[in-house]
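Student: Starting off with a structure, shown below.
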Amino acid sequence: YVAENLARAGIGRLTLVDHDVVGISNINRQLVALHSTLGRPKVEVMAERIRDIHPQCQVVTRQTFIDADGAGALLQDLGAELVADCIDAIACKAALIAAAQQLGIPVLSSMGAGNRLDPRRVRVARLNQTEICPLARELRALLRKMGASLSFLTVFSDEAPAPALPPAAADGPPGRAKTINGTISFMPALFGALLAGLVIHQLLENGENPNIV
1 YVAENLARAG IGRLTLVDHD VVGISNINRQ LVALHSTLGR PKVEVMAERI
51 RDIHPQCQVV TRQTFIDADG AGALLQDLGA ELVADCIDAI ACKAALIAAA
101 QQLGIPVLSS MGAGNRLDPR RVRVARLNQT EICPLARELR ALLRKMGASL
151 SFLTVFSDEA PAPALPPAAA DGPPGRAKTI NGTISFMPAL FGALLAGLVI
201 HQLLENGENP NIV
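Note that full-length UniProt numbering numbers the sequence shown so that position 39 is 39, with each residue one more than the last.
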């Protein structure tokens, strides 16, 4: 949703990074997820969609997994100038944010949309001002250990989440059990639209047209 909103707003350069392929469990909430796209790389499907919306947009794709060992090198290789973070795995999320900060790249980040139902409870605040969101709480703790800043803007919900389902094996790397958070269709769209709006506001304030990752 972030990428599509940015493309429709006329952003000229976007880089999409995601290791995953479209699965049946994505159909309830992801733009790329259709029965016709099952099994295809998410970045490939999204790139096709963006090029159909905005043919002049330069779209770069990387079907890769972001971790602490490679986040910094990936951002440098891509020439990233602004990061819109939508990762749901805490360690990978923290690695990307910390690497971006070390390189002086601005970061805007989405917190957890899973297990929430109330669109009226979605907020915008800096990470150190978020409340109730368990993902934000864990991210703050990890970033503090890494010596990273908590002052970047986030989209989060102050609605107490419903209990998660028991952990189940995750597809793809790292292949470990992963907590399952049920997600209603409209919440990721709302989070994504707000995050894209923050990106646009930052670009307008800075008078820039950066390479957004």
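A virtual CB, placed ideally from N, CA and C, is assigned to each residue, including glycine.
1) In whole angstroms, what separates the C-alpha of LEU127 from that of HIS35?
2) At which residues does the alpha helix (DSSP H) containing LEU135 begin and terminate?
3) Tell me where the alpha helix (DSSP H) around PHE156 begins and ends.
4) Go ahead and pull the three-state DSSP assignment for ARG51.
5) Unbroken alpha helix (DSSP H) runs of length 4 or more, entirely within the stretch 11 to 86: which are they?
6) Counting C-beta neighbours from all protein chains within 10 Å, is the total for LEU38 16 or more, i.e. buried, or is it exposed?
7) Which of the three DSSP states is assigned to GLY172 in this structure?
8) Given this structure, state the Cα-to-Cα distance separating ASN115 from LEU78, to the nearest angstrom.
9) Just to confirm the assignment: which complete beta strand (DSSP E) runs, minimum length 3, are found wholly within the stretch 98 to 129?
10) Buried or exposed for HIS201, please, with buried defined as at least 16 other CB atoms from any protein chain shown within 10 angstroms of its CB.
11) Can you tell me whether LEU165 is buried or exposed? The criterion is at least 16 other CB atoms within 10 Å of its CB, across all chains shown.
12) Taking CB distances under 8 angstroms as the criterion, tell me whether LEU108 reaches chain B.
Tutor: In this structure, then:
1) 36 angstroms
2) 134 to 145
3) Taken as a continuous stretch (DSSP letters only), PHE156 belongs to no alpha helix (DSSP H), being part of the beta strand (DSSP E) at 153 to 157.
4) helix
5) 42 to 53 and 71 to 78
6) exposed
7) Per-residue confidence for GLY172 stands at a pLDDT of 49, beneath the threshold of 50, marking its modelled position as unreliable; the derived number appears in the next sentence. In the structure shown, GLY172 sits in coil (DSSP, three-state: anything other than H, G, I, E or B).
8) 33 angstroms
9) 107 to 110 and 122 to 126
10) exposed
11) exposed
12) Within the model displayed, chain B is absent; a lone protein chain is all it includes.
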